[in-house]
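> The listed protein sequences derive, respectively, from chains A and B. Under my numbering, the first residue of the first sequence is numbered 418, with each subsequent residue one higher. Under my numbering, the first residue of the second sequence is numbered 418, with each subsequent residue one higher. The beta-carbon is built from N, C-alpha and C at its ideal position, and this holds for glycine as well.
Protein chains: 2
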Amino acid sequence: MRKIRLSIIGFGTVGRWLAEAIERRRSWLETEHGVAVSVVSVATRRDGFIHRDAGLEIPTLLELAAAGRPFADHSGVHRWQSALDGLAKTESDVLAEASNTNPREPEPALSHIRQALGRGTHVITSSKGACAAAALDLVALARQQSVQFRMESTVMSGTPVLSTLREGLAGTRVVAVRGILNGTANCILTLMAEGREYATALAEAQAKGYAEPDPTDDVEGHDVVAKVRILVAAAFGHALTPDQVLRRGITEMTLDTVQQAMRGGRRIKLVATVRPWPAGQSTGVGFLPLEARVEPLALPLTDPLFRVDGVMNALTVQTDTVREVTIIGPGAGPEQAGQGMFADLAAVAQA
Amino acid sequence: MRKIRLSIIGFGTVGRWLAEAIERRRSWLETEHGVAVSVVSVATRRDGFIHRDAGLEIPTLLELAAAGRPFADHSGVHRWQSALDGLAKTESDVLAEASNTNPREPEPALSHIRQALGRGTHVITSSKGACAAAALDLVALARQQSVQFRMESTVMSGTPVLSTLREGLAGTRVVAVRGILNGTANCILTLMAEGREYATALAEAQAKGYAEPDPTDDVEGHDVVAKVRILVAAAFGHALTPDQVLRRGITEMTLDTVQQAMRGGRRIKLVATVRPWPAGQSTGVGFLPLEARVEPLALPLTDPLFRVDGVMNALTVQTDTVREVTIIGPGAGPEQAGQGMFADLAAVAQA
Chain A
418 MRKIRLSIIG
428 FGTVGRWLAE
438 AIERRRSWLE
448 TEHGVAVSVV
458 SVATRRDGFI
468 HRDAGLEIPT
478 LLELAAAGRP
488 FADHSGVHRW
498 QSALDGLAKT
508 ESDVLAEASN
518 TNPREPEPAL
528 SHIRQALGRG
538 THVITSSKGA
548 CAAAALDLVA
558 LARQQSVQFR
568 MESTVMSGTP
578 VLSTLREGLA
588 GTRVVAVRGI
598 LNGTANCILT
608 LMAEGREYAT
618 ALAEAQAKGY
628 AEPDPTDDVE
638 GHDVVAKVRI
648 LVAAAFGHAL
658 TPDQVLRRGI
668 TEMTLDTVQQ
678 AMRGGRRIKL
688 VATVRPWPAG
698 QSTGVGFLPL
708 EARVEPLALP
718 LTDPLFRVDG
728 VMNALTVQTD
738 TVREVTIIGP
748 GAGPEQAGQG
758 MFADLAAVAQ
768 A
Chain B
418 MRKIRLSIIG
428 FGTVGRWLAE
438 AIERRRSWLE
448 TEHGVAVSVV
458 SVATRRDGFI
468 HRDAGLEIPT
478 LLELAAAGRP
488 FADHSGVHRW
498 QSALDGLAKT
508 ESDVLAEASN
518 TNPREPEPAL
528 SHIRQALGRG
538 THVITSSKGA
548 CAAAALDLVA
558 LARQQSVQFR
568 MESTVMSGTP
578 VLSTLREGLA
588 GTRVVAVRGI
598 LNGTANCILT
608 LMAEGREYAT
618 ALAEAQAKGY
628 AEPDPTDDVE
638 GHDVVAKVRI
648 LVAAAFGHAL
658 TPDQVLRRGI
668 TEMTLDTVQQ
678 AMRGGRRIKL
688 VATVRPWPAG
698 QSTGVGFLPL
708 EARVEPLALP
718 LTDPLFRVDG
728 VMNALTVQTD
738 TVREVTIIGP
748 GAGPEQAGQG
758 MFADLAAVAQ
768 A
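(1) May I ask you to report which of helix, strand or coil DSSP gives A/Glu-480?
(2) If the criterion is Cβ atoms closer than 7 Å, does the pair A/Cys-548 and A/Thr-581 meet it?
(3) Against A/Ser-444, what residues of chain B qualify as contacts under a CB-to-CB distance less than 9 Å, listed in chain order?
(4) Between A/Pro-520, A/Ala-552, A/Ser-543, which has its C-alpha nearest A/Val-636's C-alpha?
(5) Can you tell which of A/Leu-586, A/Leu-446, A/Ala-620 has the C-alpha that lies nearest to the C-alpha of B/Gly-746?
(6) Could you tell me whether the region 434 to 441 of chain A touches the region 474 to 483 of chain A, where touching means 3 or more Cβ pairs closer than 8 Å?
(7) Under 7 Å, Cβ to Cβ, is there at least one residue of chain A near B/Gly-759?
(8) Using the Cα positions of B/Gly-432 and A/Thr-674, report the straight-line distance between them to the nearest angstrom.
(9) Excluding the five sequence neighbours on either side, which residues of its own chain have a C-beta within less than 6 Å of the C-beta of B/Met-568, listed in chain order?
(10) Given a threshold of 16 other Cβ atoms within 10 Å of its Cβ, counted over all protein chains shown, does B/Pro-717 qualify as buried or as exposed?
(11) Mind checking the region 569 to 585 of chain A against chain B and listing, in chain order, the residues whose C-beta falls within less than 7 Å of any C-beta there?
(12) Compute the Euclidean distance between the alpha carbons of B/Val-456 and B/Thr-538, then round it to the nearest angstrom.
(13) Give the straight-line distance between the Cα atoms of A/Met-418 and B/Leu-672, rounded to the nearest whole angstrom.
(14) Is B/Ala-709 near the ligand SAM, in the sense that its beta carbon is under 6 Å from a heavy atom of that ligand?
(15) If the criterion is Cβ atoms closer than 7 Å, does the pair B/Ala-533 and B/Leu-504 meet it?
(16) Counting contacts by CB-CB distance shorter than 7 Å, is A/Ala-587 in contact with chain B?
(17) List, in order along the chain, the chain B residues whose C-beta lies closer than 7 Å to that of A/Gln-561?
(18) Could you list the residues in the region 729 to 754 of chain A with a C-beta less than 7 Å from some C-beta on chain B, going in chain order?
(19) Residues of chain B with CB closer than 8 Å to the CB of A/Pro-721, please, in chain order.
(20) Looking at the C-beta of B/Ala-763, does it have a partner C-beta in chain A at a distance below 7 Å?
(21) Specify, as a first and last residue, the run of the alpha helix (DSSP H) that A/Thr-674 falls within.
(22) Pull out every residue of the region 428 to 440 of chain B whose Cβ sits closer than 8 Å to any Cβ of chain A, in chain order.
(23) Helix, strand or coil, according to DSSP, for A/Pro-751 in the structure here?
(24) Is the shortest distance between the beta-carbon of B/Gln-565 and the beta-carbons of chain A less than 7 Å?
(25) Taking CB distances under 7 Å as the criterion, tell me whether B/Gln-756 reaches chain A.
(26) For A/Ala-515, return the contacting residues in chain B, with the cut-off set at a CB-CB distance below 7 Å.
(27) Report the residue ranges of all beta strand (DSSP E) runs contained in full by the region 594 to 668 of chain B; include only those spanning at least 3 residues, in chain order.
(28) Thinking A/Ser-458 and A/His-468 are a contact (beta carbons under 8 Å), I'd like their distance in whole angstroms, please.
(29) Provide the residue(s) that pair with B/Asn-730 in DSSP beta bridges, ordered along the chain.
(30) Residues bridged to B/Leu-512 by DSSP?
(31) What does B/Ala-768 touch in chain A if you count any residue whose Cβ is under 9 Å from its own?
(32) Quick check: A/Val-452 and A/Val-594, are their CB atoms within less than 7 Å of each other?
(33) For A/Thr-507, does the count of other Cβ atoms within 10 angstroms reach 16, so buried, or fall short, so exposed?
(34) Closest to A/Ala-696 by C-alpha separation, out of A/Val-688, A/Leu-707, A/Ala-689, A/Lys-686, would be which residue?
(35) State the start and end residues of the unbroken beta strand (DSSP E) segment that holds B/Val-431.
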């Protein structure tokens, strides 16, 4: 039985779900991959970085976290105030970086990831901001260090998209991608299609927990821009700045516009598009070969994204050999993001 | 650079596409996976099994195959009349088994696969019949030998489905699957929805090359039964006999029935369903915990399979953590099946 020592930075809903899944799927990990995963470090902003070479007790960690109590010192446990210091002074095989939920802010996740990769540790992460800002650099650093860097849950959470591009469609050349990549915006647009005004739909989504108290990143398209940058890095090997992605949100969408589209047999969706520049057109900022856009579009009934409603997300991938593959699934939620990280962990265990 | 010696059994459209892709994607295989793939053996029913330790020339093989000329003897090439003999007497790292297109007949593919796995050779295959009959045995044999056994292209060809179940959704428990898994039947039903009678639709599909001269396996559901057996092995770890899958084909479908469904806002599709037995119901043949069915169903507009038309296929997977994932993509064609085998080869190269 191989041993995998795991450090988890960020012990919110996603990090906890991952820890709980490791506990629950212990026998699956053993029989399927021949590995025993032990959580040796956990870091939170409040408690700092705690580490125990012999492994921490997951049920105890989950209990303390649920009760909002600090991780108690006990035999063999070391503590550092900063996660970076803790990472530098301890040994682990895989870092699960789940500290950062802001799509526009790479830190502190990016520093944690760089440090771990630099020390030859595999990294799996749900931190969108870090991946949006530096996915290509991190992939290159991981390759240089002969370790894996995986970020499945940053795009469509637990619905497998990045592994489909990388492994399922291995060897194909991606020509274009198009998707509905934000559950909050899609939920609001679905409620508007049922007759609500924007403000009512937003309030309802907030009441149901589908929208944050400050919904800016979701409704203004910043979250989708981060995902587009990650997809472009993963599928095309290009790094995009936020300015290279055209962005229009849904805050100015009116019920009238939504209903007008519906009378024409269309549905308005917040759509991300990455495609080669149309022939003969000037090629935009930075002479990139790709056009990347996030904007509300009125989709016809024949579009595979037409019926993707509520918190469901979808991605359509066109490649040279497999003409068009569409993946539809839930795009958010802690158990979804945790599942994406778990799949990344399994991929590391398999290699 | 690691070397991978590949044997290809079956050099029809799929085997040739794979060989050509290996040639075309040589630098991708080198940079992405650090491997150099060399085709050391090729076997066809007509020419027998030819092998050259130093590798065969792919362009020459493709030229001879395209011209229908026998593989010429040249320096260092050995030949056996039977592929089994050739496999027994030569060394390779991976067998690509593409000899068998019949979903109801496991041989000769099954013997080739067993022999290769038994000798510690990884196997990738597009041979549905062998996988339908013995997937679980082959997975167990591969595990015992510490090699990989992969069969991506047997279900939905190059659209990644089995790798999504195995790697993308790693660790989840599959609750149910449902899909449109035969391009020929779906094409005929799509033409009927456009107003053709069954016989006209079949003739049109045959003229376009979407249906075989003898379409029995596709229109009677045998092909989908084979795929259901493969999915049940892969997703649930159960072996099903053909008798344990309820099967109804589309040969008795009338234009009237199709149009009646459309007037009710529904579309008739040949649907494969695998799910737990409904509570309180007797549990069918063999006391299996699962019900498996292949039959025409009238799907409502809200069904994610409703708009999957023509030669497109789709699979919906329900799991314990990722509620529902749907994958839509092309389900047939030599370049699709070849792509599925290539993805399997890349997965072997990565591990």
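Checking against the coordinates, here is how it stands:
(1) Against the first sequence, residue 480 of chain A aligns to sequence position 63. The answer is helix: DSSP assigns A/Glu-480 an H, G or I state.
(2) Locating residue 548 of chain A in the first sequence gives position 131, counting from the first residue. Locating residue 581 of chain A in the first sequence gives position 164, counting from the first residue. Going by C-beta atoms, A/Cys-548 is not nearer than 7 Å to A/Thr-581.
(3) On the first sequence, residue 444 of chain A is found 27 positions in, with the first residue counted as 1. For A/Ser-444, there are no C-beta contacts with chain B under 9 Å, since the nearest C-beta of that chain is about 11 Å from it.
(4) Reading the first sequence from its first residue, position 219 is the one you call residue 636 of chain A. Distances from the CA of A/Val-636 to each of A/Pro-520, A/Ala-552, A/Ser-543 were compared; the closest alpha carbon is that of A/Pro-520.
(5) What you label residue 746 of chain B is simply residue 329 of the second sequence in a count that begins at 1. Cα-wise, what sits closest to B/Gly-746 is A/Leu-586.
(6) Yes, since at least three Cβ pairs between the region 434 to 441 of chain A and the region 474 to 483 of chain A fall closer than 8 Å, the two stretches touch.
(7) The residue given as residue 759 of chain B occupies position 342 in the second sequence. The sequence shown places Phe at residue 759 of chain B, not Gly. Yes, its Cβ sits closer than 7 Å to a Cβ of chain A.
(8) For this step, residue 432 of chain B is matched to residue 15 along the second sequence. For this step, residue 674 of chain A is matched to residue 257 along the first sequence. Straight across, the Cα-Cα distance linking B/Gly-432 with A/Thr-674 is about 52 Å.
(9) Translated into positions along the second sequence, residue 568 of chain B becomes position 151. Cβ within range, chain order: Thr-542, Cys-548.
(10) Position 300 of the second sequence, counting from 1, holds the residue named residue 717 of chain B. B/Pro-717 comes out exposed.
(11) When CB distances to chain B are screened at a threshold of 7 Å, the residues of the region 569 to 585 of chain A falling below it are Gly-575, Thr-576, Pro-577, Ser-580, Thr-581, Glu-584, Gly-585, in chain order.
(12) Here the question's residue 456 of chain B lines up with position 39 in the second sequence. Here the question's residue 538 of chain B lines up with position 121 in the second sequence. Take the alpha-carbon of B/Val-456 and the one of B/Thr-538: they are about 14 Å apart.
(13) Walking along the first sequence from the start, residue 418 of chain A turns up at place 1. Walking along the second sequence from the start, residue 672 of chain B turns up at place 255. In this structure, the straight-line span from the alpha carbon of A/Met-418 to that of B/Leu-672 is close to 60 Å.
(14) Summarising the ligand content, the structure contains no ligands, and the ligand SAM is consequently not present.
(15) Within the second sequence, residue 533 of chain B is the residue found at index 116, counting from 1. Within the second sequence, residue 504 of chain B is the residue found at index 87, counting from 1. Using a Cβ distance threshold of 7 Å, B/Ala-533 and B/Leu-504 count as a contacting pair.
(16) If you number the first sequence from 1, residue 587 of chain A lands on position 170. Yes, A/Ala-587 lies at the interface with chain B (some Cβ there is under 7 Å from its Cβ).
(17) The residue you call residue 561 of chain A lines up with position 144 of the first sequence. What A/Gln-561 touches in chain B: nothing, since even the nearest Cβ is about 13 Å away.
(18) The residues in question are Thr-738, Val-739, Arg-740, Glu-741, Val-742, Thr-743, Ile-744, Ile-745, Gly-746, Pro-747, Glu-752, Gln-753.
(19) Position 304 of the first sequence, counting from 1, holds the residue named residue 721 of chain A. Chain order gives the chain B residues near A/Pro-721 as Arg-724, Ile-745, where near means a beta carbon separation below 8 Å.
(20) Counting from one through the second sequence, the residue named residue 763 of chain B turns up at place 346. Judged by the 7 Å Cβ criterion, B/Ala-763 is in contact with chain A.
(21) Taking the first residue of the first sequence as 1, we reach residue 674 of chain A at position 257. Annotation for A/Thr-674: the continuous alpha helix (DSSP H) segment containing it runs 672 to 680.
(22) Going along the region 428 to 440 of chain B in chain order, one finds Ala-438 with a Cβ nearer than 8 Å to chain A.
(23) Residue mapping note: residue 751 of chain A aligns to position 334 of the first sequence, counting from 1. Look at A/Pro-751 here: in three-state DSSP terms it is helix.
(24) In the second sequence, the residue the question calls residue 565 of chain B occupies position 148. Residue-level contact check: B/Gln-565 does not touch chain A, since none of the beta carbons of chain A fall below 7 Å from its beta carbon.
(25) Here residue 756 of chain B corresponds to residue number 339 of the second sequence, with the count starting at 1. Yes, because at least one Cβ of chain A sits closer than 7 Å to the Cβ of B/Gln-756.
(26) For the purposes of this step, residue 515 of chain A is identified with residue 98 of the first sequence, where counting begins at 1. Within chain B, no residue comes near A/Ala-515; the closest Cβ sits about 16 Å away, beyond 7 Å.
(27) 662 to 664, all fully within the region 594 to 668 of chain B.
(28) In the first sequence, the residue the question calls residue 458 of chain A occupies position 41. In the first sequence, the residue the question calls residue 468 of chain A occupies position 51. Under the criterion of beta carbons closer than 8 Å, A/Ser-458 and A/His-468 qualify as touching, at roughly 4 Å.
(29) In the second sequence, the residue the question calls residue 730 of chain B occupies position 313. BP columns for B/Asn-730 point to B/Gly-746.
(30) In the second sequence, the residue the question calls residue 512 of chain B occupies position 95. Beta-bridge partners assigned by DSSP to B/Leu-512: B/Ser-424, B/Val-540.
(31) Locating residue 768 of chain B in the second sequence gives position 351, counting from the first residue. Near B/Ala-768 (Cβ distances below 9 Å), the residues of chain A are Gln-767, Ala-768.
(32) In the first sequence, counting from the first residue as 1, residue 452 of chain A sits at position 35. In the first sequence, counting from the first residue as 1, residue 594 of chain A sits at position 177. Contact: no.
(33) Locating residue 507 of chain A in the first sequence gives position 90, counting from the first residue. The residue is buried, with at least 16 neighbouring Cβ atoms inside 10 Å.
(34) Here residue 696 of chain A corresponds to residue number 279 of the first sequence, with the count starting at 1. Ranking the options by Cα distance to A/Ala-696, first place goes to A/Leu-707.
(35) By one-based count along the second sequence, residue 431 of chain B stands at place 14. Here B/Val-431 belongs to no beta strand (DSSP E); instead the alpha helix (DSSP H) covers 430 to 441.
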